[in-house]
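Visitor: Before we start, here is the structure in question, set down as structure tokens.
2 protein chains.
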Amino acid sequence: MKIVVLKFGGTSVGTIEKIKKVSRIIGEFRKKKYKVIVVSSAMSGVTNELVKKSRLISENFSENEYDVLVSSGEQMACSLIAGRLINNGFKSRSWLGWQLPIFTYGPHKNSRIYQINKNKIIKYLREGGIPIIAGFQGINKENRITTIGRGGSDASAIMLAKFFKAKRCIIYTDVEGVFTTDPNKLSKAKKIKVISYEEMLEMASLGAKVMQPVSIQDARLNRIDIEVKSSFTNRPGTLITKKSNITKNKIITGISSTHNDSKVTLVGVKDRPGVAASIFKPLSINSINVDMVVQNISANGKETDLTFTIKTDDLNKTKRIIKENKKINFRKILFEKGVSKISIIGVGMITTPGVTFRMFQSLSSKNINIQVISTSEIKISVLINSKDVKKALIVLHKEFKLDK
Amino acid sequence: MKIVVLKFGGTSVGTIEKIKKVSRIIGEFRKKKYKVIVVSSAMSGVTNELVKKSRLISENFSENEYDVLVSSGEQMACSLIAGRLINNGFKSRSWLGWQLPIFTYGPHKNSRIYQINKNKIIKYLREGGIPIIAGFQGINKENRITTIGRGGSDASAIMLAKFFKAKRCIIYTDVEGVFTTDPNKLSKAKKIKVISYEEMLEMASLGAKVMQPVSIQDARLNRIDIEVKSSFTNRPGTLITKKSNITKNKIITGISSTHNDSKVTLVGVKDRPGVAASIFKPLSINSINVDMVVQNISANGKETDLTFTIKTDDLNKTKRIIKENKKINFRKILFEKGVSKISIIGVGMITTPGVTFRMFQSLSSKNINIQVISTSEIKISVLINSKDVKKALIVLHKEFKLDK
């Protein structure tokens with residue numbers, strides 16, 4: 027069976043008109059003789075509204091009941107899409123997690139799919155039906171509704187693609203695909219036609235809001251090709267696939283940037299085992315997300331300087347936590363607002379020498395000062411002053427030929 | 027097990043604050059060592075909003091998907107109530123139709139409960155849990171979600187009371203109970219402490235909006251005592267029970283009235299079999315609700331006059347349908363707006379002679395003209411001019427000692 031999984035995000039089904047639109051997209055695929063499996067998120071706004079209700083009921087709302095509550099959002103969206111397809115003359119119906127079933131393990135609010143019973147859907151597809159499967163939900167061994175925390179409906183789509191051995195998995199969203207850099211920051215940004223899972227993982231965690239890293243990782247592990255595209259246009263999107271499928275590599279695939287972070291430096295920290303943990307543990311407990319961490323080797327073997335970045339919103343909280351923490355010994359603490367992280371990402375840099383040099387030279391040519399450097403196999407990140415972000419994006423985008 | 031079924035209507039769970047309130051009511055029953063089964067409707071407004079969406083998707087929205095869509099409303103309400111009870115320290119959880127299951131037969135949107143699997147709930151009650159069961163929903167043989175058309179969550183509550191042999195079934199709503207007549211029309215109206223199913227059926231179909239007739243009939247057939255009361259006050263409500271449980275009968279239990287109906291008279295209708303059907307069938311097809319129908323015997327054996335009442339909103343449609351219907355032969359058609367039906371109801375009238383006379387004399391004493399008369403075993407209805415309704419209610423309420 028030539029199966030394609032189509033997943034629609036919350037904005038793609040956000041209004042009645044948009045549900046009509048996605049139903050047309052689904053119908054067109056069906057006419058191409060594909061067997062179509064549809065996965066839907068809740069209409070945008072619905073989940074937030076339900077979460078808000080749960081918080082008003084209890085500051086510590088039961089996680090079991092949370093899943094019952096929020097899973098109703100996908101239930102509504104699926105029935106509306108199925109209803110529209112039926113209206114348009116197709117055989118269609120909604121399928122909820124318990125109706126297949128989709129089995130999950132792990133805690134409520136954060137379950138993971140481990141098994142999908144395919145029989146009913148295979149039979150239904152053979153009969154010519156279009157199943158509209160509720161994303162984000164499943165059941166556990168106790169026959170209770172669960173929801174898939176991270177990745178949500180994307181994760182549902184990828185697991186369905188895996189179990190049904192789908193030829194394609196298309197993630198419809200409100201952006202046209204993955205771009206070389208944020209089009210809102212650089213108008214010359216170009217849509218990337220094809221990107222590897224590994225690059226996409228770096229892009230995702232660096233701020234490209236297209237897909238959750240956990241879903242990309244699921245796709246990578248199961249070798250599922252994903253196309254990310256917009257449900258509002260007919261233009262092709264971005265294909266996320268394995269490296270070996272990508273024949274023409276650019277050295278750099280994309281550039282990401284953060285907005286207005288803050289830099290914290292602890293000067294003269296005692297250089298002994300466990301010191302980093304003693305600093306970052308209380309920050310983590312207080313939900314402060316630490317991004318870049320750089321520690322130089324200790325010159326005298328006794329003291330070192332430790333630098334890390336955080337969101338500026340968390341700066342005051344961070345100051346307080348560090349100052350109150352008597353376990354940390356340091357001589358001085360420095361703060362700087364208005365810093366940004368620029369990263370260049372590309373599997374091409376593994377085989378191409380001199381990428382680092384080209385990056386630094388380009389920035390230098392525009393008098394952009396590099397404050398901190400951090401690298402991985404397919405990524406180089408530098409910290410610069412936020413006022414230089416635009417300049418940096420322009421020069422790097424040009425240097426690595428992403429304009430074309 | 028001493029089980030009580032508590033059912034909460036849409037207005038009783040209409041806001042977060044009201045959900046907190048009903049959770050307190052539930053908690054108090056639990057503390058009284060009752061085993062409590064809760065049935066909830068959707069939060070008021072939610073179902074209408076969902077129905078509206080379905081209509082925007084398709085004028086002929088799939089009935090199967092309609093049930094998936096609207097049943098999500100009860101799902102949300104149940105999880106919120108359970109979440110609140112857990113917050114308050116109770117063991118509680120939501121149960122959806124498919125989780126028991128509650129089995130239904132009949133068409134989608136209008137299914138009926140025929141079986142409830144009790145095992146899981148009994149076990150849960152024994153463990154000290156408070157099950158919050160979604161009203162209005164069940165599943166059919168195909169494992170699809172169904173909804174219970176007429177009676178809705180009330181019907182769910184009554185069937186649960188039946189299968190679990192509950193001691194009491196309390197229907198919480200936004201009125202304090204059943205009144206001798208509409209308190210908005212007559213301030214002297216008194217709450218009825220106890221009323222028979224049969225009287226309640228007449229009251230319900232005559233406009234007391236407390237419960238759907240079909241649910242009262244279910245309760246009557248299964249001999250389930252129902253208490254209707256308000257979730258907003260602590261005052262006792264109205265007990266609906268079998269006649270033999272009611273020791274002190276008043277002759278008349280209640281008086282109902284309609285507002286601003288219209289009267290249609292067909293003069294000189296050919297008096298032959300099938301003529302009534304040929305008039306009322308097209309009205310029924312067009313969803314026009316015909317209330318009182320009176321036909322006098324034919325004086326000459328050939329022609330008769332037929333009078334019926336309808337809602338004034340339907341008058342123009344009715345005129346058109348009758349005039350376009352070539353199958354009906356009549357000499358003249360008369361219309362009159364601004365008529366109202368006054369009914370006195372009471373099992374007491376079976377054993378008490380002279381009730382009809384007392385009703386007519388009372389109305390006559392106030393110069394109220396009776397246009398049409400219709401009676402059943404426990405009810406006498408008359409049609410009067412709408413301007414006389416208030417006067418009629420006052421004189422009848424006093425005549426039959428309902429003021430006390």
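Chains as they are written, first to last, in this note's numbering: chain R, 27 to 430; chain Z, 27 to 430. Idealized CB from N, CA, C, for every residue including glycine. Note that the structure is a prediction, hence the values are computed from the model and not measured.
Considering only the beta carbon of each residue, do I156 (chain R) and V62 (chain R) sit closer than 8 Å?
Guide: Yes; because the gap between Cβ atoms is below 8 Å, this pair is in contact.
Visitor: Contact between the region 75 to 91 of chain R and the region 75 to 84 of chain Z: three or more CB pairs below 8 Å?
Guide: No contact exists between the region 75 to 91 of chain R and the region 75 to 84 of chain Z.
Visitor: Indicate the three-state DSSP secondary structure (helix, strand or coil) for T199 (chain Z) in the structure shown.
Guide: Looking at T199 (chain Z) - three-state DSSP - the assignment turns out to be strand.
Visitor: Strictly below 7 Å CB to CB, what residues from chain Z border F87 (chain R)?
Guide: Chain Z residues near F87 (chain R): G109.
Visitor: Does the beta carbon of L428 (chain Z) come closer than 8 Å to any beta carbon on chain R?
Guide: No, L428 (chain Z) does not count as interfacial toward chain R.
Visitor: What are the boundary residues of the alpha helix (DSSP H) that A160 (chain R) is part of?
Guide: Where A160 (chain R) is concerned, there is no enclosing alpha helix (DSSP H), although the beta strand (DSSP E) it sits in stretches over I156 to A160.
Visitor: Answer with yes or no whether the minimum CB distance from R249 (chain R) to chain Z is below 8 Å.
Guide: Output row for R249 (chain R): interface = no.
Visitor: Give a yes or no on whether 8 Å exceeds the smallest Cβ distance from S84 (chain Z) to chain R.
Guide: Chain R contact via Cβ: present.
Visitor: If you reduce the DSSP assignment to three classes, tell me which class E168 (chain R) lands in.
Guide: E168 (chain R) falls in the coil class under three-state DSSP.
Visitor: Note down, in chain order, every chain Z residue with its Cβ under 8 Å from the Cβ of E91 (chain R).
Guide: Chain Z residues near E91 (chain R): S105, L106, A108, G109, I112, R119 and S120.
Visitor: At a CB distance below 7 Å, what residues from the region 31 to 58 of chain R approach chain Z? Give them in sequence order.
Guide: Of all residues in the region 31 to 58 of chain R, I42 and I45 have a Cβ within less than 7 Å of some Cβ in chain Z.
Visitor: Does any C-beta atom of chain R lie closer than 8 Å to the C-beta of N169 (chain Z)?
Guide: Closer than 8 Å: yes.
Visitor: Can you look up I252 (chain Z) in the DSSP assignment and give me helix, strand or coil?
Guide: Looking at I252 (chain Z) - three-state DSSP - the assignment turns out to be strand.
Visitor: Could you have a look at K269 (chain Z) and say whether DSSP puts it in helix, strand or coil?
Guide: Helix.
Visitor: By the 10 Å Cβ neighbour count, where 16 or more other Cβ atoms means buried, how is K349 (chain Z) classified, buried or exposed?
Guide: When all chains shown are included, K349 (chain Z) counts as exposed.
Visitor: Does DSSP classify Y223 (chain Z) as helix, strand or coil?
Guide: In this structure, Y223 (chain Z) counts as helix in the three-state DSSP scheme.
Visitor: Could you list which residues in chain Z have their beta carbon closer than 7 Å to that of S98 (chain R), in chain order?
Guide: Under the 7 Å cutoff, chain Z gives S98, Q101 and M102.
Visitor: Kindly say whether V94 (chain Z), judged by its beta-carbon, lies nearer than 8 Å to any beta-carbon of chain R.
Guide: Interface residue, yes.
Visitor: Could you name the residues of chain Z that K450 (chain R) contacts, counting a contact when the two beta carbons are closer than 8 Å?
Guide: As displayed, chain R neither begins before 27 nor continues past 430, which places residue 450 (chain R) out of reach and without an answer.
Visitor: Name the DSSP bridge partner or partners of K436 (chain R)?
Guide: Residue 436 (chain R) cannot be examined here, being either before or after the span of chain R that is shown, 27 to 430.
Visitor: Do S66 (chain R) and A103 (chain R) come within 8 Å of each other at the CB atom, strictly closer than that value?
Guide: Cβ distance < 8 Å, so A103 (chain R) and S66 (chain R) count as in contact.
Visitor: Where do the ends of the alpha helix (DSSP H) carrying K343 (chain R) lie?
Guide: From DSSP, the alpha helix (DSSP H) with K343 (chain R) extends over L341 to E350.
Visitor: Which two residues bound the contiguous alpha helix (DSSP H) that contains I142 (chain Z)?
Guide: Looking at the DSSP string, I142 (chain Z) is not in any alpha helix (DSSP H); the run it does join, the beta strand (DSSP E), is R138 to I142.
Visitor: Check whether chain Z comes within 8 Å of L76 (chain R), counting only Cβ atoms and requiring the distance to be less than that.
Guide: Yes - at least one Cβ of chain Z is within 8 Å of the one on L76 (chain R).
Visitor: Does any residue of chain Z bring its CB to less than 8 Å from the CB of Q125 (chain R)?
Guide: Interface residue, yes.
Visitor: Taking C-alpha atoms, which residue in Z:K188, Z:G364 and Z:P379 lies nearest to N248 (chain Z)?
Guide: Cα-wise, what sits closest to N248 (chain Z) is Z:K188.
Visitor: With 16 as the cutoff for other CB atoms within 10 Å, does L32 (chain R) come out buried or exposed?
Guide: Looking at its Cβ environment, which holds 16 or more other Cβ atoms inside 10 Å, L32 (chain R) is buried.
Visitor: Over the uninterrupted alpha helix (DSSP H) stretch that includes Q387 (chain Z), give me the two end residues.
Guide: From DSSP, the alpha helix (DSSP H) with Q387 (chain Z) extends over V381 to S391.
Visitor: Going straight from the alpha carbon of E362 (chain R) to that of G372 (chain R), what length do you get?
Guide: Their Cα atoms are separated by approximately 30 Å.
Visitor: If you count every other CB in all the chains shown that lies within 10 Å of the CB of T160 (chain R), and 16 or more means buried, which is it?
Guide: First, the amino acid is wrong: residue 160 (chain R) is Ala here, not Thr. Classification for A160 (chain R): buried.
Visitor: Reducing DSSP to helix, strand and coil, say where R194 (chain Z) ends up.
Guide: R194 (chain Z): strand per DSSP, three-state reduction.
Visitor: If we call anything under 8 Å between Cβ atoms a contact, is V254 (chain Z) one with G175 (chain Z)?
Guide: No, the Cβ-Cβ distance between V254 (chain Z) and G175 (chain Z) is not below 8 Å.
Visitor: Can you check which of these residues, Z:D208, Z:R119, Z:N143 and Z:K59, is closest to S369 (chain Z) by C-alpha distance?
Guide: The candidate whose alpha carbon is nearest that of S369 (chain Z) is Z:D208.
Visitor: Who does S407 (chain R) pair with in a DSSP beta bridge?
Guide: Per DSSP, R:S369 and R:S400.
Visitor: Under a three-way DSSP split, which group does K337 (chain Z) fall into?
Guide: Three-state DSSP puts K337 (chain Z) in a strand.
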